[in-house]
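In mature numbering (1 follows the signal peptide of the UniProt record, and there is no 0), the protein residues as written are -31 to -1, 1 to 428.
Printed below as a string of structure tokens:
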């Protein structure tokens, strides 16, 4: 083996070189100490506006939070439209799941050599990202966190990947360091980025019934040593939980390649916790529809076949090919990060006409927020028209609280929590509230099971 010239290495490369050397010495000891891999595990899903969330900001008003969710929905829609329609879009760019702007996070733990109890961490739940990553020491440009930055040098189970590892080849936009170690490089449209090492690490989850931890070994993850987020916010989450269809996502790495999640109500003064379950704890229930695969490199997203829409059981007069996946900019995708859903403009207009007739009201535009709002009382809307999404094999009736957003209760107007689009339609997380959504990645199926309380079945 050729000698390493330490004088030519950067400080970060030297750190990683020493770390991988230490990991190789500790590996036999660690392997002997670990037990059999679990076949399933669960974790809490926390809404950032919950008082139990470490990212809760008591200074934000309800209007501030809705405005942020609207902005996030439109930015995500714009990202997908640009990325999917532009073959020259830079390959290193990622969907806009930013650590400073999010709705739901998953709780997990990482081992630390210096403490007997694992370190708690959080990641944004994103079914359109392909890698779990978090900010790590040593770090250039790390954003301030409320919880400690992860230090891989203090973990016995952290093991950097080499460029020859099969998983390294699966990481989107992976690179090789001067030490032949695998690195990731994820950029965002606003000049934000995260760069770092790809490694195997042990994640841990709380088993609340026994007050113990369960370990999931050798999880592929990114350790962000160089990060820049274009923001003035300080309450950032440590990173992202990638759950798309790519080989490096947490869903594909999980036992049995399946997971389910249930998002709690968002539009409440104190949102409760939800849950996410993997492997044999992820019980796939309800009706299912097939995940479609467009013939392109972007088949890591969850495209579903939407056949039509109904209002109070009456099918809307839409052409049969309205939501057909003709190309990568057509059809509908389900996305856990986008708050408010979007519908192709032609279908959206027909839907709004039907709601006008059912409510016997003329809608108006709230210039600051939503496209469609009505004057009226809460009972008119929360006991009002029901919208059904007709997926192939699934007739999904949306709870009215997943349809309407209180625009201004004092002034008495309510808004449709959806937007029109000229691009791809998105089924967002506001419409996924109090639904158990299940992903079967072995059989390429998505399940929908209405659940009255995500909080009641949390782990």
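Note that beta-carbon positions come from the ideal geometry of N, C-alpha and C, so glycine has one too.
Legend entry - Secondary structure of residue 80, DSSP reduced to three states: coil
Legend entry - Beta-carbon gap between residue 17 and residue 71 smaller than 8 Å: yes
Inset, instruction - Counting only the same chain and skipping the five closest in sequence on each side, list residues whose C-beta sits under 6 Å from that of residue 248. - result: 8, 9, 223, 224 and 225.
Inset, instruction - With a threshold of 16 other CB atoms inside 10 Å of the CB of residue 20, please say whether the residue is buried or exposed. - result: When all chains shown are included, residue 20 counts as exposed.
Legend entry - Local conformation of residue 231 per DSSP, three classes: Per DSSP, reduced to three states, the secondary structure at residue 231 is strand.
Legend entry - DSSP three-state assignment for residue 303, whether helix, strand or coil: strand
Legend entry - Touching by the beta-carbon criterion (3+ pairs, under 8 Å), the stretch 311 to 328 and the stretch 344 to 360: yes
Inset, instruction - Taking the CB atoms as reference points, tell me whether residue 403 and residue 368 lie closer together than 8 Å. - result: yes
Inset, instruction - Closer than 6 Å by C-beta to residue 112: which residues in its own chain qualify, once you throw out the five before and the five after it? Chain order, please. - result: 198 and 205
Inset, instruction - Could you work out which residue in 273, 166 and 405 is closest to residue 129 when comparing CA atoms only? - result: 166
Legend entry - Buried/exposed call for residue 95, threshold 16 Cβ in 10 Å: buried
Legend entry - Spatially closest choice to residue 400 from 127, 392, 417 and 102, by CA coordinates: 417
Legend entry - Whole-number beta carbon distance between residue 211 and residue 163, since they are thought to touch under 8 Å: Rounded, the Cβ-Cβ distance is 12 Å, inconsistent with contact.
Inset, instruction - Would you kindly work out how many angstroms separate the C-alpha atoms of residue -11 and residue 127, rounded to a whole number? - result: Caution is warranted here: a pLDDT of 38 is assigned to residue -11, below 50, making its placement in the model unreliable, and the coordinate value is therefore given only provisionally. For residue -11 and residue 127, the distance between alpha carbons rounds to 11 Å.
Legend entry - At least three beta-carbon pairs within less than 8 Å, the stretch 293 to 306 to the stretch 88 to 107: yes
Legend entry - Segment limits, alpha helix (DSSP H) that includes residue 220: 219 to 222
Legend entry - DSSP bridge partner residues for residue 259 (one or two, in chain order): 414, per the DSSP bridge assignment.
Inset, instruction - Note down, one range per segment and in chain order, each alpha helix (DSSP H) of at least 4 residues found wholly within the stretch 314 to 344. - result: 314 to 328
Legend entry - Three-way DSSP call (helix, strand, coil) for residue 126 in this model: coil
Inset, instruction - Could you round the C-beta distance between residue 423 and residue 108 to whole angstroms and report it? I think they count as a contact, below 8 Å. - result: Residue 423 to residue 108, Cβ: 34 Å. No contact.
Inset, instruction - Compare the Cα-Cα distances from residue 330 to each of 346, 150 and 120 and report the closest residue. - result: 346
Inset, instruction - Taking 8 Å as the cut-off, decide whether the C-beta atoms of residue 258 and residue 407 are in contact. - result: no
Legend entry - Cut-off 7 Å between Cβ atoms - residues of its own chain near residue 350, not counting five sequence neighbours on either side: 369, 373 and 383
Inset, instruction - Sort out for me which residues DSSP pairs residue 205 with in a bridge. - result: Partner(s): none; residue 205 has no beta bridge.
Legend entry - Run of the beta strand (DSSP E) containing residue 168, from where it starts to where it stops: 162 to 176
Legend entry - Coarse secondary structure for residue 20, derived from DSSP in three states: coil
Legend entry - Buried or exposed by the 16-neighbour rule on C-beta atoms within 10 Å, applied to residue 415: buried
Inset, instruction - Provide the residue(s) that pair with residue 430 in DSSP beta bridges, ordered along the chain. - result: Past the boundaries of the shown model lies residue 430; the chain is included only from -31 to 428, so the question cannot be answered.
Legend entry - Buried or exposed by the 16-neighbour rule on C-beta atoms within 10 Å, applied to residue -7: With a pLDDT of 34 at residue -7, under the threshold of 50, the predicted position of this residue should be treated as unreliable, though the coordinate-derived value follows. Flag for residue -7 reads exposed.
Legend entry - Pick from 389, 241, 156 and 340 that is closest to residue 73, judged by C-alpha positions: 241
Legend entry - Segment contact, 8 Å Cβ cut-off, at least three pairs: the stretch 266 to 285 with the stretch 308 to 320: yes
Inset, instruction - Let me know if residue 152 comes out buried or exposed under the rule of 16 or more other beta-carbons within 10 Å of its beta-carbon. - result: buried
Legend entry - C-alpha distance - residue 338 paired with residue 187, whole-angstrom precision: 44 Å
Inset, instruction - Take residue 141 and list the residues in its own chain whose beta-carbon comes closer than 6 Å to its own, dropping the five residues that flank it on each side. - result: Counting only Cβ-Cβ distances below 6 Å, and skipping sequence neighbours, we find 99.
Legend entry - Alpha-carbon spacing of residue 77 relative to residue 102, whole angstroms: 12 Å
Inset, instruction - Starting from residue 400, follow its DSSP beta bridges and name the residues at the other end. - result: Partner(s): none; residue 400 has no beta bridge.
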